[in-house]
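J.: Would you mind keeping the following structure in view while I ask a few things?
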Amino acid sequence: MPEHNTRRPADWYSSTSTESAAWYQESSHVVIPQPADAGCSTHQPPPRSAGFEGHKAKKRRRTKIISLSVCALLLCAALAVALWQITVQIKSLSAQAAESASSPVIVIPNGDGSADSQEDSDSGSVYGDYQEYFEAYYSSSSDITIQAAETGTGVTLTLAEAQGEELSLQDIYDLVSPAVVGITAHIEGYEYSYGTGVVFTSDGYIITNTHVLEGCDEAVVKFSDGTEYDAYLVGADEASDIAVLYIQGEDLPCAAFGDSDALRVGDQAIAIGNPLGETYSGTMTNGIISAINRNITYNGHTMTLLQTNAALNEGNSGGPLINAYGQVVGITNMKIMSTYYATVEGIGFAIPSSVVKEVADQLIEYGVVLGEPTIGIVAGSVSAEAMALYGLPEGVYVSEVSEGSDALEKGLQVGDVITAVNGQAVTSVADVNLIKEGCEVGDTITLTVYRDGETFDLEIALVDKSQIE
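Per numbering that gives the first Met the number 0, residue 0 is the first one in the sequence shown, and the count goes up by one each step.
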C-alpha cells in the first residue's frame with residue numbers, strides 16, 4: 000500500500016508543545032470571558048474540571064453498551080424463532096419427501112419415445128397384475144454390457160513397499176497424474192456417467208469403481224493429453240465396488256501401487272480425479288488418513304474402507320488415493336455428504352489397495368470373483384404403492400431367478416415376495432445381503448415367501464456367484 004503523510008491523532012497529541020500543554024491545564028480551570036451582550040445575567044457558571052467530561056463520557060458509553068446488549072438479545076431471540084420455523088419446515092419437507100419416495104411415479108416408454116404415467120382415472124394402474132407392474136418398475140437393468148475383454152492373461156496387480164524419501168505434493172502430482180484417466184460411461188446411447196480410473200499396467204489395464212459403469216453399454220477412457228480409447232470390460236464386482244477395464248495401448252503411463260496394510264492414521268493422503276466431470280479433470284486434493292477399517296454399507300454390501308479428509312466429490316469415484324511416496328494405496332469410491340441433522344464435511348472413503356489387488360487379480364483371471372455366496376436372484380423392495388394397489392406384504396419382490404441357483408431348483412419363482420430370511424423380516428435387498436454377510440458358499444438359509452395369498456418357507460443353499468448364468 001502507498002504511504003500517506005497523514006498524522007494520527009495520537010501523533011498530534013504526543014507532539015503538542017510544552018507551552019500548549021500548559022495552556023490546556025490552565026484553561027480548564029478558568030472562566031472564559033463572555034461579551035457583554037451575551038445575556039441579561041452577568042453570572043457565569045462555575046468552571047468545569049477535566050474529570051467532569053470523563054464522567055459524562057463514561058455514562059454515555061455505559062448507556063450505549065446497555066442499548067447494544069438489549070438489541071443483541073432481541074436479535075438472538077428473533078433468530079431462534081426463525082431457526083425453529085425453518086426446522087419445522089425442513090422436517091415437514093423431509094416427511095413429504097419420504098412419503099413421495101415410498102410412492103414413486105413410474106413411467107413406461109411408448110413406441111414414439113414419449114411416456115405415460117402408470118396411473119389412470121379408473122383402476123389407478125395400467126397393469127393387469129402386480130407382476131406386470133414390477134416388470135416395468137424394475138425394467139432398467141444395472142448390468143454392465145460393455146464389450147468383454149479377454150481374461151486369463153496372467154496379468155496381476157503388484158503392491159510394492161514404500162522406499163526412499165517422502166515426495167513433495169508437486170512431485171506426487173507429476174508422477175501419478177498422467178496415469179489418472181477420465182471415464183465416460185454411456186447408457187443406451189443418450190445418458191452417461193462420469194468417473195475416474197487409474198492405469199496400472201503400461202499395456203492398458205485400468206482400475207475404477209463398479210458403480211461408475213453401472214448400467215452402461217459403452218465406455219470411453221480419456222487421458223490428460225486428450226487421447227481417447229474405447230474401453231473393454233475385464234470384470235466388475237458389485238460387492239467390493241471394483242471393476243477392471245482394458246484399453247488397447249502401448250507404453251501408457253501407469254501408477255505404482257503400495258501396500259495399504261502399512262498405513263497409519265495421520266499418514267498423508269492425496270487424491271487425484273475428475274470432480275464434477277471433465278471441467279475439473281486432474282484436480283488434486285490432499286489430507287490425511289483419518290481412520291482405518293471403517294465398515295460402510297453400500298448397495299447392501301458391507302465394505303471395509305480407509306477414511307480420509309482429502310476432498311472428494313462426484314466424479315472422483317474410481318480415482319487413486321496416494322501416499323507420501325507417490326504410491327496408490329486406495330481407490331476412492333464414496334463420501335458422507337450429510338445426515339438428517341447436519342451437513343458433513345471431510346469424511347471420504349477409499350477401497351484399500353490390499354482389497355483392490357485381491358479382487359482385480361480374480362477379475363483379470365476369471366472375469367468374476369470366486370467364492371462369493373449368492374442366492375441367485377434379481378430383486379427389489381415392494382413399494383408402498385404396490386402394497387396399496389395389489390395387497391402385497393412388505394418385503395422383497397423377486398424379478399428374476401438365475402439358472403444354476405439352488406433357489407431355482409427349490410422352486411422360487413418370479414413374482415414371489417420374500418418377507419423374511421432366517422426368521423428376520425426384510426424390506427430391501429440390503430437387508431437380505433446383511434443377513435447372509437457371514438455365510439459361505441454351500442450354507443443353507445431359510446426364505447419366507449409370499450405367493451398368491453399364501454406364505455411358506457424355502458430352504459435354499461447359497462451358490463458361488465461364478466456359477467450363476
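Glycine residues also receive a C-beta, built at the ideal position from the N, C-alpha and C atoms.
(1) Along the alpha helix (DSSP H) that carries residue 302, what are the first and last residues, could you check?
(2) Just to confirm, are residue 228 and residue 220 a CB contact at a threshold of 8 Å?
(3) I need the DSSP call for residue 132, collapsed to helix, strand or coil.
(4) Between the Cα of residue 441 and the Cα atoms of 167, 405, 328 and 258, which residue gives the shortest distance?
(5) Would you call the CB atoms of residue 376 and residue 411 closer than 8 Å?
(6) Would residue 189 be called buried (16 or more neighbouring beta carbons within 10 Å of its own) or exposed?
(7) Quick one: give me the first and last residue of the alpha helix (DSSP H) that residue 271 is part of.
(8) Determine the direct distance from the alpha carbon of residue 338 to that of residue 329, and round the result to whole angstroms.
(9) At which residues does the alpha helix (DSSP H) containing residue 360 begin and terminate?
(10) Hey, how far is the Cα of residue 265 from the Cα of residue 177?
(11) If you scan the stretch 354-429 from start to end, which runs of the alpha helix (DSSP H) of 4 or more residues do you find wholly inside it?
(12) If you run the structure through DSSP and keep just helix, strand and coil, what is residue 198?
(13) Would you report the Cα separation of residue 426 and residue 448, rounded to the nearest angstrom?
(14) Thinking C-beta only, is residue 257 closer than 8 Å to residue 161?
(15) Helix, strand or coil for residue 461, going by three-state DSSP, please let me know.
(16) For residue 293, which residues from the same chain have a beta carbon less than 6 Å from its beta carbon, with the 5 sequence-adjacent residues on both sides left out?
(17) For residue 437, does the count of other Cβ atoms within 10 angstroms reach 16, so buried, or fall short, so exposed?
(18) CB residue 417 to CB residue 394, shorter than 8 Å?
(19) Helix, strand or coil, according to DSSP, for residue 335 in the structure here?
(20) Based on the DSSP output, what are the partners of residue 185 in its beta bridges?
(21) CB residue 366 to CB residue 308, shorter than 8 Å?
(22) Mapping the DSSP letters down to three states, classify residue 229 as helix, strand or coil.
(23) Which of the three DSSP states is assigned to residue 456 in this structure?
(24) Quick one: Cα of residue 180 to Cα of residue 272, how far?
(25) Return helix, strand or coil for residue 450, following the three-state DSSP convention.
(26) Taking only the alpha-carbon atoms, compute the straight-line gap between residue 446 and residue 285 and give it to the nearest angstrom.
(27) In whole angstroms, what is the alpha-carbon distance linking residue 150 and residue 341?
(28) Would you mind working out which of 336, 347, 373 and 383 sits nearest residue 402, comparing C-alpha positions?
(29) When DSSP labels each residue in this structure, what does residue 166 get in the three-state scheme?
(30) Are the CB atoms of residue 275 and residue 313 nearer to each other than 8 Å?
(31) Within 10 angstroms of the Cβ of residue 302, are there 16 or more other Cβ atoms? Answer buried if so, exposed if not.
(32) Who pairs with residue 179 in a beta bridge, going by DSSP?
(33) In the DSSP assignment, find the beta strand (DSSP E) that holds residue 211 and state where it starts and stops.
(34) Take residue 300 as the anchor and find which of 415, 336, 278 and 429 has the nearest alpha-carbon.
T.: Per the coordinate set shown:
(1) As a first step, residue 302 is located in the sequence shown; it is residue number 303 there, counting from the start. First-last for residue 302: 300-307, but that is the beta strand (DSSP E), not the alpha helix (DSSP H).
(2) Position 229 of the sequence shown, counted from the first residue, corresponds to residue 228. Position 221 of the sequence shown, counted from the first residue, corresponds to residue 220. The answer is yes: Cβ separation under 8 Å.
(3) In the sequence shown, the residue the question calls residue 132 occupies position 133. Reduced to three states, the DSSP call for residue 132 is helix.
(4) Residue mapping note: residue 441 aligns to position 442 of the sequence shown, counting from 1. Of the candidates 167, 405, 328 and 258, the residue whose Cα lies closest to the Cα of residue 441 is 405.
(5) Here residue 376 refers to the residue found at position 377 when the sequence shown is read from its first residue. Here residue 411 refers to the residue found at position 412 when the sequence shown is read from its first residue. Contact flag set, yes.
(6) On the sequence shown, residue 189 is found 190 positions in, with the first residue counted as 1. Answer is exposed; the Cβ neighbour count stays below 16.
(7) The residue labelled residue 271 in the question sits at position 272 within the sequence shown. Looking at the DSSP string, residue 271 is not in any alpha helix (DSSP H); the run it does join, the beta strand (DSSP E), is 267-272.
(8) Walking along the sequence shown from the start, residue 329 turns up at place 330. Walking along the sequence shown from the start, residue 338 turns up at place 339. Their Cα atoms are separated by approximately 25 Å.
(9) Here residue 360 is taken as the residue at index 361 of the sequence shown, counted from 1. In the DSSP annotation of this structure, the continuous segment of the alpha helix (DSSP H) that includes residue 360 starts and ends at 352-365.
(10) Start at 1 with the first residue of the sequence shown, and residue 265 comes out as number 266. Start at 1 with the first residue of the sequence shown, and residue 177 comes out as number 178. Straight-line measurement puts the Cα of residue 177 at about 27 Å from the Cα of residue 265.
(11) Whole alpha helix (DSSP H) segments, 4+ residues: 383-389 and 405-408.
(12) Against the sequence shown, residue 198 aligns to sequence position 199. Strand, per DSSP.
(13) Along the sequence shown, read from residue 1 onward, the residue named residue 426 stands at position 427. Along the sequence shown, read from residue 1 onward, the residue named residue 448 stands at position 449. One C-alpha to the other measures close to 13 Å.
(14) Mapped onto the sequence shown, residue 161 falls at position 162. Mapped onto the sequence shown, residue 257 falls at position 258. Going by C-beta atoms, residue 161 is nearer than 8 Å to residue 257.
(15) As a working mapping, residue 461 is identified with position 462 in the sequence shown. Three-state DSSP puts residue 461 in coil, outside helix and strand.
(16) Stepping through the sequence shown from its first residue, residue 293 is reached at position 294. Correct list, in chain order: 304 and 306.
(17) Along the sequence shown, one-based indexing puts residue 437 at 438. It counts as exposed.
(18) Counting from 1 along the sequence shown, the entry for residue 417 is found at position 418. Counting from 1 along the sequence shown, the entry for residue 394 is found at position 395. At the C-beta level, residue 417 and residue 394 come within 8 Å of one another.
(19) If you number the sequence shown from 1, residue 335 lands on position 336. Coil.
(20) Within the sequence shown, residue 185 is the residue found at index 186, counting from 1. DSSP lists 191 and 217 as partners of residue 185.
(21) Here residue 366 corresponds to residue number 367 of the sequence shown, with the count starting at 1. Here residue 308 corresponds to residue number 309 of the sequence shown, with the count starting at 1. Going by C-beta atoms, residue 366 is not nearer than 8 Å to residue 308.
(22) The sequence position of residue 229 within the sequence shown is 230, counting from 1. It is a strand residue.
(23) Taking the first residue of the sequence shown as 1, we reach residue 456 at position 457. The answer is strand: DSSP assigns residue 456 an E or B state.
(24) To locate residue 180, count along the sequence shown from 1; it is residue 181. To locate residue 272, count along the sequence shown from 1; it is residue 273. Approximately 8 Å between the Cα atoms of the pair.
(25) Within the sequence shown, residue 450 is the residue found at index 451, counting from 1. DSSP places residue 450 in strand when its eight states are reduced to three.
(26) Within the sequence shown, the letter at position 447 stands for residue 446. Within the sequence shown, the letter at position 286 stands for residue 285. Those two C-alpha atoms are separated by around 47 Å.
(27) Counting from 1 along the sequence shown, the entry for residue 150 is found at position 151. Counting from 1 along the sequence shown, the entry for residue 341 is found at position 342. Distance between the alpha carbons of residue 150 and residue 341: 46 Å.
(28) For the purposes of this step, residue 402 is taken as residue 403 along the sequence shown, with counting starting at 1. That would be 373, whose Cα lies nearest to the Cα of residue 402.
(29) Position 167 of the sequence shown, counted from the first residue, corresponds to residue 166. DSSP, read as helix, strand or coil, puts residue 166 in coil.
(30) Translated into positions along the sequence shown, residue 275 becomes position 276. Translated into positions along the sequence shown, residue 313 becomes position 314. Cβ atoms of residue 275 and residue 313: closer than 8 Å.
(31) The residue labelled residue 302 in the question sits at position 303 within the sequence shown. So residue 302 counts as buried.
(32) To locate residue 179, count along the sequence shown from 1; it is residue 180. In the DSSP output, where bridge partners are listed per residue, residue 179 has 197.
(33) Translated into positions along the sequence shown, residue 211 becomes position 212. Note, residue 211: premise wrong, no beta strand (DSSP E); alpha helix (DSSP H) at 209-212.
(34) Counted from its first residue, the sequence shown places residue 300 at position 301. It is 429 whose Cα lies nearest to the Cα of residue 300.
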